[in-house]
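Respectively, the protein sequence lines represent chains X and D.
According to our numbering, the first sequence is numbered sequentially starting from 300.
According to our numbering, the second sequence is numbered sequentially starting from 48.
C-beta atoms are modelled at their ideal positions from N, C-alpha and C, and glycine is treated no differently.
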Amino acid sequence: CRILQCNSDFVAATLEIGVIGGGGKDGANAVYCSALRSYALCTQRTARACRGDLAYHSAVQGIEDLLIQHRCPQTGPTAQPRPLPKPPLSGNGCFYEKGFMQKEGRAPEYLHCGVFGD
Amino acid sequence: PHIRTFNEEFQTCAVQGAWPLIDNQYLYIQATSTPTRGSSYITILTKITVILKNWRECAELQIYQAELDNVPPAFVDGSVTGGDRRGHQSLRVHSHDPGRHAEIWATHIGTMIVVRQVGRSLSLSVRSPRAIVESYTPEQDLQLCVWGCPVSQRMETPYVHPSTPAYTHCSSLLPVQDVYFQACLFDLQVTGDLNSSASAVAALEDARAMISNPDRVHLLTGRA
């Protein structure tokens with residue numbers, strides 16, 4: 300369940316626009332509504348994994364209340380999505396290890412996962 | 048299955064059905080667990096699906112699929128190489144033992160995947176760079192290799208007295224009393240079959256081949 304990621308994305312978005320609590324001006328309210336709708340979308344995406352999570356249900360209720368409180372339209376623009384993780388490759392290298400070593404001057408850190416049993 | 052996660056946690060998991068092991072921007076691996084030997088909660092891996100996603104100029108989408116008694120030495124389209132772009136093949140399948148072992152290389156993401164059949168179960172080992180493992184979005188939130196087994200699905204490893212044949216057998220194969228030793232004891236206790244120890248031995252061999260720092264191979268957690 301990634302509800303904490305949704306929460307922190309929303310906090311980051313509201314800090315950026317400086318309108319925690321919604322502000323009074325129409326422009327600020329529109330941006331705040333946009334951040335709220337993004338927050339709602341984020342919770343929807345994680346709904347399956349968060350089914351039994353209290354923080355998730357609390358966030359969903361809170362978003363509904365805030366949307367009503369700030370008279371936000373149900374539809375409308377949403378905030379820019381979080382940028383995807385940086386691609387590890389640059390230039391024309393299709394050899395990850397070689398490209399990484401050229402860029403970082405060291406070998407990448409490798410992780411291991413094993414799934415087994417009989 | 049027993050799971051050693053990317054974060055070096057070890058769990059024995061009772062999940063049934065198809066579960067994602069890895070789900071990121073470059074790679075998707077799913078394993079199917081099926082109940083076995085008349086037990087409703089003991090499962091074995093019966094199917095493993097690997098999807099290597101399309102990536103810019105380096106690789107076209109390619110799928111590998113293994114099932115119990117059929118670990119093919121090729122992708123589902125019959126090819127043994129893939130991602131043939133700019134004169135370079137980023138994807139490759141190789142086998143030491145066709146039908147029971149396959150090694151999949153994806154050089155554009157520095158990743159190696161080994162699928163085996165040991166006894167009556169499949170197993171999987173993956174070596175991947177941290178940046179690739181961490182290239183997932185919040186929606187890709189179900190990955191057993193990253194987050195481990197859901198808490199409700201974790202099983203306790205039983206205490207096994209040192210005087211039992213299972214203990215003696217596992218000690219002779221796995222002298223270090225690490226998580227692989229614990230897995231060996233678990234499988235022997237559950238199946239009553241000495242041959243079931245082969246899975247833990249093979250998993251340790253894969254870990255030795257994939258983990259460059261020998262000090263990190265023998266994971267010691269919990270009872271181990």
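Taking a Cβ-Cβ threshold of 7 Å, none of the residues of chain D is close to X:H356; the smallest such distance is about 16 Å.
Within the segment 225–258 of chain D, the alpha helix (DSSP H) runs of at least 4 residues that lie entirely inside it are, in chain order, 226–238 and 245–257. Collapsing the DSSP output to three states places D:S210 in coil. Contact between the segment 142–149 of chain D and the segment 394–402 of chain X is absent: fewer than 3 CB-CB pairs across the two stretches fall below 8 Å.
Comparing alpha carbon positions, the residue from X:Y331, X:V414, X:A358 and X:G416 closest to X:N306 is X:A358.
Per the C-alpha coordinates, the member of D:S172, D:L191 and D:W194 positioned closest to D:E252 is D:S172. Taking D:S175 as reference, the option from X:L410, X:S333, X:G416 and X:E363 with the minimal CA-CA separation is X:L410. Residues of chain D with a Cβ closer than 9 Å to the Cβ of X:E408 are, in chain order, P176, R177 and A178.
Rounded to whole angstroms, X:Y338 and D:P197 show a C-alpha spacing of 25 Å.
Using a Cβ-Cβ cut-off of 7 Å, D:F53 counts as an interface residue toward chain X, since at least one Cβ of chain X sits closer than that to its own.
According to the DSSP secondary-structure assignment, D:E114 is paired through a beta bridge with D:K94 and D:N117. Scanning D:E203, D:Y183 and D:T204 for the CA closest to the CA of D:W194 turns up D:Y183. According to the DSSP assignment, X:D364 belongs to the alpha helix (DSSP H) that extends over L353 to Q368. Taking CB atoms only, X:F309 has no neighbour in chain D less than 7 Å away. With contacts defined as CB atoms closer than 7 Å, D:L138 and D:G129 qualify as a contacting pair. Identification of residues in the segment 347–371 of chain X having a C-beta nearer than 7 Å to some C-beta of chain D yields A348, given in sequence order.
In this structure, X:D308 keeps its C-beta atom at 7 Å or more from the C-beta atom of D:S168. Nearest C-alpha to D:V162 among D:E114, D:Q58 and D:R177: D:E114.
Going by beta carbons, X:C371 and D:C105 fall outside the 7 Å limit.
Taking 3 residues as the minimum length, the beta strand (DSSP E) runs contained wholly in the segment 157–192 of chain D are 158–165 and 168–176, in order along the chain. In this structure, D:P185 is the residue among D:L235, D:D240, D:P185 and D:S243 with its C-alpha nearest to the C-alpha of X:R347. One alpha carbon belongs to D:Y75, the other to D:P67, and they sit about 7 Å apart.
Non-local beta-carbon contacts of D:H155 in its own chain, meaning distances under 7 Å to residues more than five positions away in sequence, involve W102, C105, A106, G130 and S137 in chain order. Residue burial is scored here from C-beta neighbours: X:I367 has fewer than 16 other C-beta atoms within 10 angstroms and is therefore classed as exposed.
D:A213 places its beta carbon 7 Å or farther from that of D:Q229. For X:Q401, the enclosing alpha helix (DSSP H) has its first and last residue at Y395 to E403.
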